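Residue numbers (this note's numbering): 1452 to 1550. Every residue gets a Cβ at the ideal spot worked out from N, C-alpha and C, and that includes glycine. Bear in mind the structure is a predicted one, so any value in this text is a computation, not a measurement. Step one of this worksheet: look at the structure below.
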Amino acid sequence: MSQYEVLSPWAEAEPKPLRGITPRVTDLTGKRIGLFVNYKRAARPILTVVSDRLKKRFPTVEFSDFVFRENYDVAQTPDKERFEEWLKGVDTVIAAVGD
């Protein structure tokens, strides 16, 4: 008769501290909004419409684009530093997935 050793799929891992969600912007008046444009074809047209409509509702709003044309997590690429600097200059971000 054969014997099998049963192993647990659970691994010992150091727990990561929990982080809350970043507080949301309550008013867009005078804010600088980051527009994250990914590599999908429709992302730019989507964000153009969104920014045009927001500008009509909040005339003092400003926009800053971050264009990322790769199918990767930006934090895992050489663009990470550029992305982090861009984030420091905006109050909130709108991202579009152009599918």
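Straight-line Cα distance separating residue j from residue i
{"i": "Pro1460", "j": "Thr1543", "result": "40 Å"}
{"i": "Phe1487", "j": "Ser1515", "result": "9 Å"}
{"i": "Arg1495", "j": "Glu1535", "result": "21 Å"}
{"i": "Val1548", "j": "Phe1519", "result": "11 Å"}
{"i": "Arg1475", "j": "Leu1505", "result": "16 Å"}
{"i": "Gly1540", "j": "Arg1470", "result": "22 Å"}
{"i": "Ser1502", "j": "Ala1546", "result": "11 Å"}
{"i": "Leu1538", "j": "Lys1467", "result": "23 Å"}
{"i": "Asn1489", "j": "Phe1517", "result": "8 Å"}
Any C-beta of chain B under 9 Å from that of residue i
{"i": "Arg1470", "result": "No chain B appears in the structure shown, which is made up of a single protein chain."}
Outcome for residue i when other beta-carbon atoms lying within 10 angstroms are tallied against a minimum of 16
{"i": "Asn1522", "result": "exposed"}
{"i": "Leu1498", "result": "buried"}
{"i": "Ile1472", "result": "exposed"}
Whole-number beta carbon distance between residue j and residue i, since they are thought to touch under 8 Å
{"i": "Asp1530", "j": "Lys1491", "result": "The pair is not a contact, with the Cβ atoms about 17 Å apart (cut-off 8 Å)."}
{"i": "Leu1457", "j": "Lys1482", "result": "The sequence shown places Val at residue 1457, rather than the Leu named in the question. Between Lys1482 and Val1457 the Cβ distance is about 56 Å, and since that is not below 8 Å, they are no contact."}
- Message: My parser needs the beta strand (DSSP E) runs of 3 or more residues fully inside the region 1470 to 1495; what are they?
- Response: 1483 to 1488
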